[in-house]
Structure formats: C-alpha cells, structure tokens
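Number of protein chains: 2
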Amino acid sequence: MSALPDLDSLKLLVDVGVLGSLGQAAKAAGIAQPSASKRVAHLERRLGLPLVERTPRGSTLTAEGRMVAGWAAQVLAAAEELMRAVQAVRHGEAAHLRVASSMTVAEYLVPRWLGELQNREPDVPVGLDVVNSADVAARVLAEDVELGFVEGPSVPEGLDSRVVGTDRLVVVVAPGHPWARRRTALRGAELAATPLVVREPGSGTRETLDVAFKGLHQASPRLELGSNAAVKGAAQAGAAPAVLSGYAVEADVATGRLVEVPLAGVNLVRSLRAVWRRGRPLTGPAAILLAIASRP
Amino acid sequence: MSALPDLDSLKLLVDVGVLGSLGQAAKAAGIAQPSASKRVAHLERRLGLPLVERTPRGSTLTAEGRMVAGWAAQVLAAAEELMRAVQAVRHGEAAHLRVASSMTVAEYLVPRWLGELQNREPDVPVGLDVVNSADVAARVLAEDVELGFVEGPSVPEGLDSRVVGTDRLVVVVAPGHPWARRRTALRGAELAATPLVVREPGSGTRETLDVAFKGLHQASPRLELGSNAAVKGAAQAGAAPAVLSGYAVEADVATGRLVEVPLAGVNLVRSLRAVWRRGRPLTGPAAILLAIASRP
DNA sequence: TGCACTCATAGCCCCAGGCTATGGCCTCCC
DNA sequence: GGGAGGCCATAGCCTGGGGCTATGAGTGCA
Chain A
1 MSALPDLDSL
11 KLLVDVGVLG
21 SLGQAAKAAG
31 IAQPSASKRV
41 AHLERRLGLP
51 LVERTPRGST
61 LTAEGRMVAG
71 WAAQVLAAAE
81 ELMRAVQAVR
91 HGEAAHLRVA
101 SSMTVAEYLV
111 PRWLGELQNR
121 EPDVPVGLDV
131 VNSADVAARV
141 LAEDVELGFV
151 EGPSVPEGLD
161 SRVVGTDRLV
171 VVVAPGHPWA
181 RRRTALRGAE
191 LAATPLVVRE
201 PGSGTRETLD
211 VAFKGLHQAS
221 PRLELGSNAA
231 VKGAAQAGAA
241 PAVLSGYAVE
251 ADVATGRLVE
261 VPLAGVNLVR
271 SLRAVWRRGR
281 PLTGPAAILL
291 AIASRP
Chain B
1 MSALPDLDSL
11 KLLVDVGVLG
21 SLGQAAKAAG
31 IAQPSASKRV
41 AHLERRLGLP
51 LVERTPRGST
61 LTAEGRMVAG
71 WAAQVLAAAE
81 ELMRAVQAVR
91 HGEAAHLRVA
101 SSMTVAEYLV
111 PRWLGELQNR
121 EPDVPVGLDV
131 VNSADVAARV
141 LAEDVELGFV
151 EGPSVPEGLD
161 SRVVGTDRLV
171 VVVAPGHPWA
181 RRRTALRGAE
191 LAATPLVVRE
201 PGSGTRETLD
211 VAFKGLHQAS
221 PRLELGSNAA
231 VKGAAQAGAA
241 PAVLSGYAVE
251 ADVATGRLVE
261 VPLAGVNLVR
271 SLRAVWRRGR
281 PLTGPAAILL
291 AIASRP
C-alpha cells in the first residue's frame, strides 16, 4: 500500500499549473511562498518525478507535472463531492431546501446535483436525509422535506414523481472467479440458484433482486451485508458473486478490481424517481434541483 | 474553500467499516490503536458528524459513517489510480513492459487498464511514456516500447492496430454562458466561426478539431492552452466555449461545473487505437494489456 | 542601476499526530 | 464468581513536518 498523497499538496500543484507561479499558488492556498515551495519539493521527492519547472519569472508544470495534475484534479473533484455531501447531511436543521434520498441515489448522484445547485444558487443551504425508500415517501408526505429521491417502480399514493435516471443491478465477481471469463450470458435461474453476496433485506437493492427472482428456485445468500462497500469488499475477496447497483461498481469494473458478468433473461433495471407531494408544485431551489436532476 | 479531508483518515474510516473495529483498522494502517482512535475522533469533529458507533466489543459505522465511507471510497479509488499512474511513469527504466500513450488516453484510460493488469500480474513493473501521437508511433517502430495508444484515425505505416475505444470531442461552456441554455443543436459552421478555448496546435485534440472544421470559415482561437486542465479552467472562468475530449470533462459536466452544448453536423468522434509493430505479435504482459484494453 | 518579480535557503517554533501505559467496560469461559 | 481477552478512551510524552519570517540570488524591465 503505497502511502497516499496529501490533498493539499495536490491542490497546490494544480494551482501552480493554473496560476503560473508558486507564489500565486501559495497565496491561493493561504500559506507563505516558502511553505508552498517546500511542499511542492516534498511532493516531487515522494512521487519521484520532477513536476515543476522553476524559472525566475514563474513556474510551469513539466510534462510529468501536467499529467500528475490531471490525475490530481480527478482526486480533488471526488474529495469536493464528498465535502459537499457531508455539508448537506450536516445542514439538515437550518436548510432552506430539504431533500431525502435512498442510499444509492444519495451516494452516487445527489452530490453531483447538489454541486450544480450550489453553482447556480450558492447561498442555499441544503439538508440531506439518507433513509430507505419507504421513509423517503413518509418524509415527503409529512412535508419534512420538499423533494425526495427513491429507487424502484412503485410510487406511493399522494406523491407526484418524475423519472430522473435508471439504475441497473449488475453481477460482479473477483477477477479470479470462474465467471470472470464467462462468455455466455448468465441466465436468471442459474443466478438465483447461486449463493450470492447481497445487501440486507429491506434495502432497495435487495428488494429489486427478490422481485426479479420471484418464481425461480432461489438459494440462500452466501453473505448479507449492510453497505455497498462491504458487499464489494466481500466480492473482491472472492467470497462469491455479488449483485449491486451499477453505479456502485462502475469504478471498480473500470479499474478491473471487479468483473461484470453478462446477464440475460432477468430484469434488474429499476428507475430512479424524484418524488414530491401531489398538488404542491415545486418552487425555488427545489424546482431548480429537480430541473438539474431531470437533465439527461 | 472548505479544507480538504485527509486521505489516511478516510482510509481508516473505510477500514473500520470493513474490519469492524478501530484496533483492527489501526493495525491495517500500521499505527497504534489510540492513534487511530484519535484520528477518527478528529475526523468526526471536522466533518461535524458522528461516524462510528463504539461498543466494548467492536465498532461499526453509523448511518452517516456508512455514507461518508461510500464517498470516501470514491476518493481513495481516484487517489490509487493516481499513484498507479505515477508508478508507471517513474518505472520507465526498469520496466518489463513499456507502453507509450498520447495524453488523453494516458490520462483517463491507461491508469485503469494498468490497474487491472496489476491485479492479474502483480509483479510486472510497467513503464509509461506520455508523448504526442506521432512520437508514440516512432517509439513503437523503434521498439522502444512494445505497445502504444494513439488517438485519431491515421495508423502510421508499419504498425498493426486495434480500436480500443472512441472519444468524442465536446463543446462545453460555463453554466452562466448563453449557450448553456441553448436548446437547438449548434451547427458546425457557427462553432467554427466562434473564438474558442482550445488545445495547442500539434495536440491530437486540436488536430481533430481542425480536420472537422476543414472547409468552414474558422475564427482564430480565443485562447490556446497546453493542457486539458488549463482549457477547462478557462472555460469555467467563462472566457469562451471550449472544445475538449469527452473523457476530460465527464466529471465536470456531471457536477455542473461545465455544461455540454449539443452539437450537430460536425464529426468530432475519433477512435482510440492500440498500435504495435507489424508482424511482431504481442506476447506476455503486452498481450494481456491489449486484451484488457480491448474489452468493451 | 534600481525595482519588481520570481524562487530557494536558513533558522525558528509549534502542535498534530505518533507512541506507551493505563483503566473501564463487556463477554466468554472456566 | 472470577479471571482472560477482546474492545475503546484518556493521559502524558516526544518528535518532526510544516508553518512562519528574513534574506539572498537570478531575471527582465524601465
């Protein structure tokens, strides 16, 4: 495990690239120029690459520096997404806009929408509750929150809704698992009869899966775990195939930590919906957020 | 700018979730238990959320903790991708497998492929050269590297190739720009006649653009910049519309920092190809990497 | 030739975060 | 009932990374 970099230093590097000098980047970071100088030098030592070309009239990134800055920007974007989501979770009380969401949507999509909302309306504090789908509906009905996001096809009575996306449950295995090399699509019956690593009963993911398996002979799960991360971990360790939201495994499949198994004959697509109280048209920030979420 | 979190602490949090106790997570991180205890407490204070439920027989994540751990996992994945890529760039000398790639592929796709290669063949040090497309071809021909990745349709003589993906140049503007609200697709002629923020001549991105504009009346660029990050920055600042690889702006569009403008009547799709010396079939790690990259 | 800008070095200082040692709490088992 | 063995938190010590200021060297411009 090759010690992780330090986000502040990465930010500094990116800023050097954008601003053209160590001193400017230091100012942007709120530190003195020599500190920035030292930090960047430290980063160069740690990565073992020359990153910055110093000249008496400014600094530019080396070829390596530009590459590293590109990757660093990705890391920073993810970190900012985290901070945004945390803000929203924390500001539950004082928020001008209150949103409730079930887990998958909250984890992978809501932070992005909130990011754009913040771009357009920087002054609106947003509160985010993450609960299960049934509770989302209850909160919207109780007018605890203006807007909710839920998974699954059923829209509880008393709510208006709009589809804002779709999620596909996928089957993933560790790269070493026999199914990783499978060329023929897996049939629903075979999947149902296999002991799987799955989310716990009551979660939206599990419910979708159980509905899809209705009528098939279904083996008991190999493991039931309470978070997407735990399920992924178990699957990576090779315990058994796992079934998870496509959003949750996107990055892992892209980087090869998990392999997606092709699937046929079983419908694991579910729509993601925004819901709000019927006959109570959305206004202000809630309307903007819905518009953002509805965009293709 | 709300101070960035610390990756080691995030890793610790994720590990607590997976391993079920602070002490275990501490051991995994190579630190003593009280240190981990303090770090996690510190993280909780900083984010303003209770993250961990401590009991005398272990610790589990709270609801908030599971959410934060989910986002943290995304950040950590991006950071690991960075470290992998840095390793590959640095190990240029001693590598058993040498790869050259042009910028866009190197920045957004190669680290992922290398990640999977490392999963399958942990002991192969990989060297990565990032140069422009012409140089990639030269290095492959000179047998400096076994495998190259280039953008664009032209395959230089003497090379075999396989398409491993496609990239689409997209037009993006700051959210405040008039085009951000445009409903009708932009025509090629209008785009060509607009002063744009673009990459420098000689870059693959610029070349593709110039080819697509051939025959149209073309305005001179508003700005020419040497990296995708710089172009994005200028576009975000509202300078002018920018044209960039879809991979480069994916995250920014998703989070609303940039808005993609629909485009019609001009072909900005280019294929990404793996190239190798003709008549020199790939073997060993190079063959595996090609197989990984070729996967849909 | 001075001024304005760049960056690096030197030297000081402080606290964040590491460590060990200890104690409370709970469960399991003898 | 009473260890034993997990868990965690607190206390107190110590070190080093990384902050700061002050300064000097290099370059370009007026």
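Residue numbers (UniProt numbering), protein chains in the order written: chain A, 1 to 296; chain B, 1 to 296.
Virtual Cβ for every residue (Gly too), placed ideally from N, Cα, C.
All values derive from a computational prediction rather than experimental measurement.
Inter-residue distance for K38(B) and R57(B) is about 18 angstroms (C-alpha atoms, whole angstroms). The beta carbons of S101(B) and V136(B) sit about 7 angstroms from each other, so the pair counts as a contact at 8 angstroms. Against V86(A), the close residues of chain B are L47, L49 and V68, in the order they occur along the chain (beta-carbon pairs closer than 7 angstroms). Identification of residues in the segment 241-263 of chain B having a C-beta nearer than 7 angstroms to some C-beta of chain A yields A251, A254, T255, G256 and R257, given in sequence order. Positions of the alpha helix (DSSP H) runs, each at least 4 residues long and wholly inside the segment 77-137 of chain A, are given as 103-108 and 110-120 in order along the chain. When Cβ-Cβ separations below 7 angstroms define contact, W71(A) makes contact with chain B. In the displayed model, R66(B) falls within a helix according to three-state DSSP.
At a cut-off of 4 residues, the continuous stretches assigned as alpha helix (DSSP H) that sit fully inside the segment 185-245 of chain A are 188-192, 204-213 and 228-236. When Cβ-Cβ separations below 7 angstroms define contact, V40(A) makes no contact with chain B. Look at E116(A): its C-beta is under 7 angstroms from a C-beta on chain B.
A residue is called buried when at least 16 other Cβ atoms come within 10 angstroms of its Cβ; R84(B) meets this threshold and is buried. At a Cβ-Cβ threshold of 7 angstroms, R90(B) and G70(A) do not count as neighbours. Selection G265(B), V261(B) and R257(B) evaluated against L117(A) yields R257(B) as nearest (Cα-Cα). In the three-state scheme derived from DSSP, where H, G and I count as helix and E and B as strand, A36(A) is classed as helix.
The beta carbon of N119(A) falls within 7 angstroms of a beta carbon belonging to chain B, placing the residue at that interface.
Counting of Cβ neighbours within 10 angstroms places T55(B) among the exposed residues, the total staying below 16. Taking the CA atoms as reference points, A287(A) sits about 12 angstroms from V99(A). Against chain A, the CB of P175(B) has a partner CB under 7 angstroms away; the residue lies at that interface. Nearest to P178(A) by C-alpha distance, out of D167(A), R139(A), A239(A) and P125(A), is A239(A). The beta carbon of R280(B) sits closer than 7 angstroms to none of the beta carbons in its chain outside the five residues before and after it. For V164(A), the enclosing beta strand (DSSP E) stretches over residues L159 to V173. Taking the Cα positions, A63(B) is about 10 angstroms away from D129(A). Take the alpha-carbon of L114(A) and the one of E143(A): they are about 20 angstroms apart. CA-to-CA, the gap between V173(A) and Q74(A) works out to about 26 angstroms. Bounds of any beta strand (DSSP E) do not take in S9(A); it lies within the alpha helix (DSSP H) bounded by L7 to L19.
With a cutoff of 7 angstroms on beta-carbon distance, A32(A) and L22(A) are scored as not near each other. In this structure, the straight-line span from the alpha carbon of L223(B) to that of G284(A) is close to 37 angstroms. Two segments are said to touch when three or more pairs of C-beta atoms, one from each, lie closer than 8 angstroms; by this definition the segment 188-201 of chain A touches the segment 256-272 of chain A.
Interface with chain B (7 angstroms Cβ-Cβ cutoff): L82(A) is included.
At a cut-off of 7 angstroms between beta carbons, S227(A) contacts chain B. Interface annotation, Q74(B): in contact with chain A, CB-CB separation under 7 angstroms. Interface annotation, R181(B): not in contact with chain A, CB-CB separation never under 7 angstroms.
The beta carbons of R295(A) and V163(A) sit no closer together than 7 angstroms. Scanning its chain for C-beta atoms nearer than 8 angstroms, with the 5 sequence neighbours on each side dropped, one finds around D15(A) the residues Q24, A25, A28 and A29, in chain order.
Note on geometry: alpha-carbon atoms of R206(A) and E121(A) lie some 36 angstroms from one another. Between the alpha carbons of T255(A) and Y108(B) lies a gap of roughly 11 angstroms.
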